[in-house]
Structures are given as C-alpha cells and as structure tokens.
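Numbering (this note's numbering), first residue to last: 15 to 305. We put the beta carbon where it would ideally sit given N, CA and C, even for glycine. Computed from a predicted structure; not experimentally measured.
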C-alpha cells in the first residue's frame with residue numbers, strides 16, 4: 015500500500031515557515047538598531063527642549079522687569095480681576111493677564127510670578143515644535159534643526175521668558191498647526207483641537223488673528239480642492255469664535271481706536287522689524303531682552 019502523499023511530504027507551508035523564521039532572526043539586529051536609533055532621536059529632541067527651557071527659566075529668574083511687564087502689572091495685575099476684563103489696552107494680553115494674575119495669587123508678587131505662565135507656555139511651544147518636526151521630517155538631523163530654528167531664535171527666546179502674551183500665543187498657533195497637519199494627513203477625525211488652540215492664540219494676543227485667519231482659509235481651500243466635507247471646518251470655526259467671544263467680548267467692548275497703537279505702518283516695516291530683532295538687535299539668550 016502506498017503511503018499518503020500527506021505523510022511522505024512536508025506540508026507546503028513548512029519550508030516558508032522555516033524561511034520566515036530565519037529571515038526574522040536575520041532582521042532582529044536591524045530592528046534593535048532601529049529601536050536604539052529611535053530612542054537616541056527621542057532623547058536628543060527632549061534634550062534640546064530641556065536645554066532651551068533651562069535658558070528660559072534662567073532668563074526669567076535673573077532679568078530685570080521690562081517696561082511692558084511693568085505697565086501690565088500696574089494697570090491690570092495689581093488690582094482686581096475686573097481690571098483685566100473691564101479695561102482694554104493693546105498691552106492687555108487678556109488670556110495671559112488672567113494666568114499671570116492667578117500666578118501672583120498663588121506665589122506672591124514677584125518678577126518670576128509674572129513670568130511663570132510664559133515659562134509654561136514656552137514648554138508647550140517647544141513640545142509642539144518637537145511634535146511638528148517629528149511628523150513632517152523623516153531625517154533626525156532635519157528634525158533637530160527644525161526644533162533649534164523654532165526654539166532657538168533670539169526673538170522667540172525673549173517671548174518665552176517675558177511676562178507677555180506673545181509666547182502663549184505662539185504656543186497656541188504651533189499646536190494649532192500640529193493639529194491641522196495631522197487632520198490633513200488623516201491622523202485626526204475632527205478639527206476641534208485645531209479650533210481650541212487657535213482660540214488660545216487669539217485670546218493670548220490679538221495680533222495672532224491674522225495668521226489664524228490664514229490657517230482657516232488654507233484649510234477651507236484644501237478641503238474644497240480635495241472634495242472633502244466642510245462640516246469639520248464649519249464646526250471648528252464656530253468653536254473658535256465661541257471661545258474668543260466668551261473671553262474677549264467684554265474687554266473689547268471697552269476698546270476704541272486709540273487702544274490699538276502698537277505695530278508697524280506697512281507690511282514691509284513689519285517684516286523688517288522682525289528680521290532686525292531676530293538677526294541683529296536681539297540680545298541673545300543671556301542678555302537683557304527686549305521691551
């Protein structure tokens with residue numbers, strides 16, 4: 015009697031199974047090497063965040079109070095909470111003023127208390143920069159360079175350690191950009207996070223209204239071009255407007271044309287002043303900063 019072919023021969027899947035095991039064993043060193051590289055990359059990114067944060071803390075603890083901080087303190091922070099909500103001025107960065115007021119209530123009246131929210135905003139900003147760099151770039155070198163460019167700019171360093179709303183506004187904008195690119199890539203199902211961070215940026219400093227409007231415009235055009243539903247965009251716009259109205263409606267109801275006195279007369283002057291502070295007149299991470 016002939017033996018069954020099933021008993022005389024190995025199953026057809028046996029050889030590939032052995033082959034796959036061997037291949038997996040050969041790939042293990044590569045996988046371990048990739049894991050080590052990933053851990054080193056994460057460590058390098060967080061090291062940059064920690065170092066820049068340490069610089070920001072040192073600056074906030076050692077630098078003398080600057081003019082804009084003193085103006086904000088005397089006009090909006092040393093009195094009652096209603097001074098922030100019932101009196102408007104270009105110097106009143108409403109969301110930051112509220113956080114600085116809370117910081118003073120918790121830790122007392124000091125330069126560092128006024129600047130503590132800026133330190134926390136700086137950490138948020140750097141984490142958002144790290145997330146964006148990791149999401150947009152495949153190369154470790156490019157990721158670190160992007161993080162250094164976003165976090166090491168002398169003008170940005172000033173904003174991340176002074177008691178003003180600029181750093182918090184930039185952190186909100188960068189987190190909004192992170193949410194937007196992840197939504198466009200399909201990693202987010204809604205734009206609610208984008209809307210909330212846009213509201214943070216605007217409420218921390220009204221000058222961020224222009225870049226936030228640009229972000230909403232680009233998202234709208236991209237959704238139309240891709241043939242995707244506009245419902246997430248509409249919901250995000252309504253959420254952002256609702257948050258901003260809830261926090262800014264009362265202060266802005268007291269505003270008049272004379273309160274908007276800061277800024278440049280032309281777009282060219284605006285870009286020129288930014289370049290001047292970034293490249294020539296910025297005092298660097300250890301200097302006295304700008305007012």
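In terms of Cα proximity to residue 126, the closest of 257, 74, 207 is 74.
In the three-state DSSP reduction, residue 231 falls in the helix class (H, G or I). The stretch 51 to 63 makes contact with the stretch 157 to 167; the number of CB pairs closer than 8 Å reaches 3 or more. Nearest neighbour of residue 139 by Cα position, chosen from 57, 183, 200, turns out to be 183.
Pairing residue 173 with residue 179, the inter-Cα distance amounts to about 8 Å. Comparing alpha-carbon positions, the option among 120, 241, 97, 121 lying closest to residue 111 turns out to be 97. In the three-state reduction of the DSSP assignment, residue 221 falls in the helix class, which pools H, G and I. When only Cα atoms are considered, residue 205 and residue 150 end up about 19 Å apart.
For residue 239, the number of other beta carbons within 10 angstroms of its own is below 16, and it is reported as exposed.
In the three-state scheme derived from DSSP, where H, G and I count as helix and E and B as strand, residue 158 is classed as helix.
In the pairwise beta carbon analysis, the stretch 247 to 258 is classified as not touching the stretch 86 to 106: fewer than three pairs are separated by under 8 Å. Under a 10 Å Cβ-count criterion, residue 115 is classified as buried, with 16 or more other Cβ atoms of the shown protein chains found around its own Cβ. Fewer than three Cβ pairs drawn from the stretch 187 to 198 and the stretch 77 to 94 lie within less than 8 Å of each other, which leaves the two stretches out of contact.
It is roughly 24 Å from the alpha-carbon of residue 212 to the alpha-carbon of residue 90. DSSP places residue 86 inside the alpha helix (DSSP H), whose first and last residues are 81 to 86.
For the pair residue 217 and residue 108, the CB atoms are nearer than the 9 Å cut-off.
Each residue's CA atom was taken as its position, placing residue 262 and residue 225 some 18 Å apart.
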